[in-house]
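There are 2 protein chains.
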Amino acid sequence: MNTSQSDRGGLIAGIDAGGTSTRATLLTTAAECLGYGKSGSGNPTSAGQELAGRSIVDAVAQALAAGGKAIDELDLIVAAVAGHGASGEEGWLLQALRDAGFSGRLVFESDLLALYFSGTAAPDGYAIVSGTGASVIRSEAGRLVGTVDGLGWLLGDRGSGFWIGHRAALAAVEELDGRGAPTALTPAVLEALEIMPSESLGYGRPALLEALIRQIYRGRPVELARLAPLVFAASGDQVARGILTEAGELLAHSFAAAYQGTGPLVVGGSVLAQPGLLIDVFAARVADLDAAVELLPAADGVLGSAVLALRHAGAEVDAAGHARLAESVAAARAR
Amino acid sequence: MNTSQSDRGGLIAGIDAGGTSTRATLLTTAAECLGYGKSGSGNPTSAGQELAGRSIVDAVAQALAAGGKAIDELDLIVAAVAGHGASGEEGWLLQALRDAGFSGRLVFESDLLALYFSGTAAPDGYAIVSGTGASVIRSEAGRLVGTVDGLGWLLGDRGSGFWIGHRAALAAVEELDGRGAPTALTPAVLEALEIMPSESLGYGRPALLEALIRQIYRGRPVELARLAPLVFAASGDQVARGILTEAGELLAHSFAAAYQGTGPLVVGGSVLAQPGLLIDVFAARVADLDAAVELLPAADGVLGSAVLALRHAGAEVDAAGHARLAESVAAARAR
Chain X
0 MNTSQSDRGG LIAGIDAGGT STRATLLTTA AECLGYGKSG SGNPTSAGQE
50 LAGRSIVDAV AQALAAGGKA IDELDLIVAA VAGHGASGEE GWLLQALRDA
100 GFSGRLVFES DLLALYFSGT AAPDGYAIVS GTGASVIRSE AGRLVGTVDG
150 LGWLLGDRGS GFWIGHRAAL AAVEELDGRG APTALTPAVL EALEIMPSES
200 LGYGRPALLE ALIRQIYRGR PVELARLAPL VFAASGDQVA RGILTEAGEL
250 LAHSFAAAYQ GTGPLVVGGS VLAQPGLLID VFAARVADLD AAVELLPAAD
300 GVLGSAVLAL RHAGAEVDAA GHARLAESVA AARAR
Chain F
0 MNTSQSDRGG LIAGIDAGGT STRATLLTTA AECLGYGKSG SGNPTSAGQE
50 LAGRSIVDAV AQALAAGGKA IDELDLIVAA VAGHGASGEE GWLLQALRDA
100 GFSGRLVFES DLLALYFSGT AAPDGYAIVS GTGASVIRSE AGRLVGTVDG
150 LGWLLGDRGS GFWIGHRAAL AAVEELDGRG APTALTPAVL EALEIMPSES
200 LGYGRPALLE ALIRQIYRGR PVELARLAPL VFAASGDQVA RGILTEAGEL
250 LAHSFAAAYQ GTGPLVVGGS VLAQPGLLID VFAARVADLD AAVELLPAAD
300 GVLGSAVLAL RHAGAEVDAA GHARLAESVA AARAR
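Protein sequence lines, in the order shown, are assigned to chains X and F. So that you can map any letter, position 148 of the first sequence is 147 in numbering that gives the first Met the number 0, and since no number is skipped, the others follow by simple counting. So that you can map any letter, position 315 of the second sequence is 314 in numbering that gives the first Met the number 0, and since no number is skipped, the others follow by simple counting.
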């Protein structure tokens, strides 16, 4: 027997599941946000499916509690999760939600589409995110129809935090190797990686360089993203400025590869949120491509996952509705 | 009580310990090669110290058996091992040799210096190797005094087998992503990585691309070096030709960074041993730098580790002696 929407409470939830934290909104189909919840990592790839499932259940439970509602009143949960656009592997989350008492429908969405709808209600447009990784998506009629980059640190993520941190490491290695220009990044990288000064020579090259190389290979490559803030901090340095300029250009290049005209560009992620040279170069290159492209910042995918949840529940969200929903979600987050 | 050289048999051994195999020569101080032995991986970093120690002991035992000698007749062992130039961590090998009955002296040398002396007797000169990794060393008075690159896949190894294989993977990813030129490398990479064709779309990009990306991240990055032969095989392809040309230029650039005049250039490793575009570009760029630089091929470090062993035993090896030793070692290897 099918349980129709009205048999439960007519309530829906939007989930923005990220690698650091997971956020849930509890919504009416009239686009009112009744509650908000926040928990730990909801990324099944980095945190594992069990922990990610627990985080999502926890965030939903908090949003329900904030709104004074029970989980059996929920008709629909829309979960924006990285890498779960069309994979079909949804059992890990559905089972965790069923165990918690959820009997409604679960829909997965792209985390990047959620970011997109955090910035705009326009069905056609683009989102770019540069955090640890970097990618661009294109939305058409509210659906994700194209992705550029997002290929991970080994194959792409050009202009990402990893890319910037990797370049900082290379700049330090090249200066110590005698091939690169002196740069303020070298002492900054050595300090950040806790490399101790040493005068001895190892194997025909400076011991400091040997120690730096060993320390870098001791970690996971993606951890080089931790060095990105050093590049932003050293923005008076010519080498650092070169890295930030190239990162801005690479991100604009990825956007250009996705661009087919029409629609705004929602901009997210820690790298693009940083004011200064990188975002200025990026914005200038985007304007060179098409001065009509509007850049709209978005801090996270919370609002957009709420928009996606409403759309999946059959409620359209126009520009005015988007603005009202933004206020309602912000109020729930502030409570 | 010190045991002098003459108390034992006055014999010495040279070891060329590589990641795939370990080779030992048994020598008299008169530069005669009495025996040769070969065993498995002797690289303590990749194979582990215990296995590497066993391989080296095994290769020495075979060389002794071939020469009809016992281990207590050995005065000196010179082991050319990657990454063990000046590290001082020699206990792992010394103990294994002591357990096998060796009571003489153990000296570590650079594997790249051994490659160098496989190609020449000149005390001043250069060696370049490009296999999975890539580096250049400079020898002065028979000692390693400078290294360029050899920084590993994440920080360098430019023009190496990893570098070439990584570029092949990028070329395939970029063609599938719609950003790169069509190339014969794409079907070759997909076949080599056993990616099955599929028509469905995943997450706004081709399922074939998604499958390729997943397969690449499933392996260790350095395994991309396995794709390098595809680039050599596709040498009629423009993208492949571009990769091989750039690799040759990068290797020449590393040599130029080490170059201080004087001396031959010994050339080793599977990438530079491959006839065709890459080595031709490399040789042309080296000639542009200094037409007087003589390129001397070396297949491995066996002869050079024998030269280093003789030098550490106090025997000088001049050009004529080097030629005689080469014949003697070749004869022992052929037995």
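Note that beta-carbon positions come from the ideal geometry of N, C-alpha and C, so glycine has one too.
message: I want to verify the contact list: residues of chain C whose CB lies under 8 Å from the CB of X/Gly151, in sequence order.
response: Going by chain labels, chain C is absent from the structure shown, which instead holds the protein chains X and F.
- request: Answer with yes or no whether the minimum CB distance from F/Ala384 to chain X is below 8 Å.
  value: Any question about residue 384 of chain F goes unanswered here, given that chain F covers just 0 to 334.
field: Exposure of X/Ser102, with buried meaning 16 or more beta-carbon neighbours within 10 Å
entry: The residue you call residue 102 of chain X lines up with position 103 of the first sequence. Under this definition X/Ser102 is an exposed residue.
task: Check the Cβ-Cβ distances between X/Val172 and every residue of chain F, and say whether any is below 8 Å.
output: Residue numbering aside, residue 172 of chain X sits at position 173 when the first sequence is read from its first letter. Interface residue (Cβ-Cβ distance to chain F less than 8 Å): X/Val172 is classified as such.
- request: Leaving out five residues on either side along the sequence, give the residues of the same chain with a beta carbon under 8 Å from the beta carbon of X/Ala29.
  value: Taking the first sequence and counting its residues from 1, the one referred to as residue 29 of chain X is at position 30. For X/Ala29, where only same-chain residues beyond five positions count, the Cβ hits under 8 Å are Ala314.
Neighbourhood of X/Asp317 by C-beta distance below 7 Å, restricted to the same chain and skipping five residues each side: Position 318 of the first sequence, counted from the start, is the residue given in the question as residue 317 of chain X. If we look at X/Asp317 and ignore the five residues flanking it on each side, its Cβ neighbours are Ala120.
query: Does the distance from the C-beta atom of F/Val328 to that of F/Pro296 stay below 8 Å?
result: The residue given as residue 328 of chain F occupies position 329 in the second sequence. The residue given as residue 296 of chain F occupies position 297 in the second sequence. Cβ distance not < 8 Å, so F/Val328 and F/Pro296 don't count as in contact.
message: Closer than 8 Å is the cut-off here; do at least three beta carbon pairs connect the stretch 278-290 of chain F with the stretch 231-238 of chain F?
response: Because the criterion of three Cβ pairs below 8 Å is not met, the stretch 278-290 of chain F and the stretch 231-238 of chain F do not touch.
- request: Pull up the distance between the alpha-carbon of F/Ala168 and that of X/Leu154, whole angstroms please.
  value: The residue labelled residue 168 of chain F in the question sits at position 169 within the second sequence. The residue labelled residue 154 of chain X in the question sits at position 155 within the first sequence. In a straight line, the C-alpha of F/Ala168 is about 8 Å away from that of X/Leu154.
field: Short Cβ contact (8 Å threshold) for X/Arg166 with X/Leu249
entry: Position 167 of the first sequence, counted from the start, is the residue given in the question as residue 166 of chain X. Position 250 of the first sequence, counted from the start, is the residue given in the question as residue 249 of chain X. Not closer than 8 Å, so no.
message: Relative to the C-alpha of X/Ala291, which candidate in X/Ala272, X/Pro263 and X/Leu277 has its C-alpha closest?
response: Numbered from its first residue, the first sequence carries residue 291 of chain X at position 292. Checked all of X/Ala272, X/Pro263 and X/Leu277; the closest Cα to X/Ala291 is X/Pro263.
- request: Give me the Cα-Cα distance between X/Phe311 and X/Asp71, rounded to the nearest whole angstrom.
  value: Counting from one through the first sequence, the residue named residue 311 of chain X turns up at place 312. Counting from one through the first sequence, the residue named residue 71 of chain X turns up at place 72. In the sequence as presented, Phe is not what sits at residue 311 of chain X; that position holds His. Between the C-alpha atoms of X/His311 and X/Asp71 there is a straight-line separation of about 19 Å.
message: Looking at the ligand SAM, does it come within less than 7 Å of X/Gly132, judged from the CB to the closest heavy atom?
response: Ligands are entirely absent from the displayed structure, and the ligand SAM is therefore not among its contents.
query: In chain order, which continuous runs of the beta strand (DSSP E) of length 3 or greater are located wholly inside the stretch 63-138 of chain F?
result: Restricting attention to beta strand (DSSP E) runs no shorter than 3 residues, the stretch 63-138 of chain F encloses them at 73-80, 104-108 and 124-129, ordered along the chain.
Against chain F: residues of the stretch 245-262 of chain X by CB proximity under 8 Å: Going along the stretch 245-262 of chain X in chain order, one finds Ala256 with a Cβ nearer than 8 Å to chain F.
- prompt: Is X/Ile14 helix, strand or coil by DSSP?
  reply: On the first sequence, position 15 is the one that residue 14 of chain X refers to. Here X/Ile14 sits in strand by DSSP.
- request: Find the residues of chain F that neighbour X/Arg178, judging by a C-beta separation of less than 8 Å, and give them in chain order.
  value: Here the question's residue 178 of chain X lines up with position 179 in the first sequence. In chain order: Val147 and Ala256.
query: Using the beta-carbon of each residue, which ones in chain F are nearer than 8 Å to X/Pro220?
result: Taking the first residue of the first sequence as position 1, residue 220 of chain X is located at position 221. Those are Leu153 and Pro220, listed as they occur along chain F.
task: Can you tell me the Cβ-Cβ gap for X/Ile14 and X/Val56, rounded? I've got them flagged as a contact below 8 Å.
output: The residue labelled residue 14 of chain X in the question sits at position 15 within the first sequence. The residue labelled residue 56 of chain X in the question sits at position 57 within the first sequence. The C-beta distance from X/Ile14 to X/Val56 rounds to 10 Å, too long to meet the 8 Å contact threshold.
message: Out of X/Glu139, X/Glu174, X/Pro43 and X/Pro228, which one is the CA nearest neighbour of X/Gly93?
response: On the first sequence, position 94 is the one that residue 93 of chain X refers to. Gly is not the amino acid found at residue 93 of chain X; the sequence shown has Leu there. Of X/Glu139, X/Glu174, X/Pro43 and X/Pro228, the residue nearest in Cα terms is X/Pro43.
message: Please classify X/Gly67 as buried or exposed, where buried requires at least 16 neighbouring CB atoms within 10 angstroms.
response: The residue labelled residue 67 of chain X in the question sits at position 68 within the first sequence. Within 10 angstroms of the beta-carbon of X/Gly67 lie fewer than 16 other beta-carbons, which makes it exposed.
- request: Quick one: grab the DSSP three-state call for X/Thr261.
  value: Counting from one through the first sequence, the residue named residue 261 of chain X turns up at place 262. Three-state DSSP puts X/Thr261 in coil, outside helix and strand.
message: Considering only their Cβ atoms, is the gap separating F/Tyr115 from F/Phe254 smaller than 8 Å?
response: Translated into positions along the second sequence, residue 254 of chain F becomes position 255. Translated into positions along the second sequence, residue 115 of chain F becomes position 116. No, Cβ-Cβ distance for F/Phe254 and F/Tyr115 is not below 8 Å.
- prompt: Any idea if F/Thr21 is buried or exposed, counting beta-carbon neighbours within 10 angstroms, 16 or more meaning buried?
  reply: Locating residue 21 of chain F in the second sequence gives position 22, where the first residue counts as 1. Counting Cβ neighbours within 10 Å, F/Thr21 comes out buried, since at least 16 surround it.
query: Who are X/Val147's beta bridge partners in DSSP?
result: As a first step, residue 147 of chain X must be located in the first sequence, where it is residue number 148. Note: X/Val147 is bridge-paired with X/Val135 in the DSSP secondary-structure output.
field: Straight-line Cα distance separating F/Phe161 from F/Val188
entry: In the second sequence, the residue the question calls residue 188 of chain F occupies position 189. In the second sequence, the residue the question calls residue 161 of chain F occupies position 162. Cα-Cα distance, rounded: 14 Å.
task: May I ask you to list the residues that DSSP assigns as paired with F/Leu207?
output: Reading the second sequence from its first residue, position 208 is the one you call residue 207 of chain F. Note: F/Leu207 is not bridge-paired with any residue in the DSSP secondary-structure output.
field: Chain-order list of residues whose beta-carbon lies under 7 Å from that of X/Leu229 (same chain, five-residue window excluded)
entry: Your numbering for residue 229 of chain X matches position 230 in the first sequence. Scanning its chain for C-beta atoms nearer than 7 Å, with the 5 sequence neighbours on each side dropped, one finds around X/Leu229 the residues Ala167, Leu184, Ala187, Val188 and Ala191, in chain order.
- request: With a threshold of 16 other CB atoms inside 10 Å of the CB of X/Arg219, please say whether the residue is buried or exposed.
  value: Counting from 1 along the first sequence, the entry for residue 219 of chain X is found at position 220. It is exposed - the Cβ of X/Arg219 has fewer than 16 other Cβ atoms within 10 Å.
- prompt: Does the distance from the CB of F/Val355 to the CB of F/Ser117 come in under 8 Å?
  reply: Nothing about residue 355 of chain F can be reported from this structure: the residues present for chain F run from 0 to 334 only.
- prompt: Closest to X/Glu89 by CA distance: which of X/Glu193, X/Arg137 and X/Gly52 is it?
  reply: Here residue 89 of chain X corresponds to residue number 90 of the first sequence, with the count starting at 1. For the residues X/Glu193, X/Arg137 and X/Gly52, the minimum Cα distance to X/Glu89 belongs to X/Gly52.
query: With a Cβ-Cβ cutoff of 8 Å, do X/Leu10 and X/Leu105 count as a contact?
result: Here residue 10 of chain X is taken as the residue at index 11 of the first sequence, counted from 1. Here residue 105 of chain X is taken as the residue at index 106 of the first sequence, counted from 1. Their beta carbons are not under 8 Å apart, which means X/Leu10 does not touch X/Leu105 by this criterion.
- prompt: Mind checking whether X/Gly17 and X/Gly36 have CB atoms under 8 Å apart?
  reply: Looking up residue 17 of chain X in the first sequence gives position 18. Looking up residue 36 of chain X in the first sequence gives position 37. No. Outside cutoff.
message: Within 10 Å of its beta-carbon, does F/Ala58 have 16 or more other beta-carbons around it, so buried, or fewer, so exposed?
response: Taking the second sequence and counting its residues from 1, one reaches residue 58 of chain F at position 59. Counting C-beta atoms within 10 angstroms of its own C-beta, F/Ala58 has 16 or more neighbours from the protein chains shown and is therefore classed as buried.
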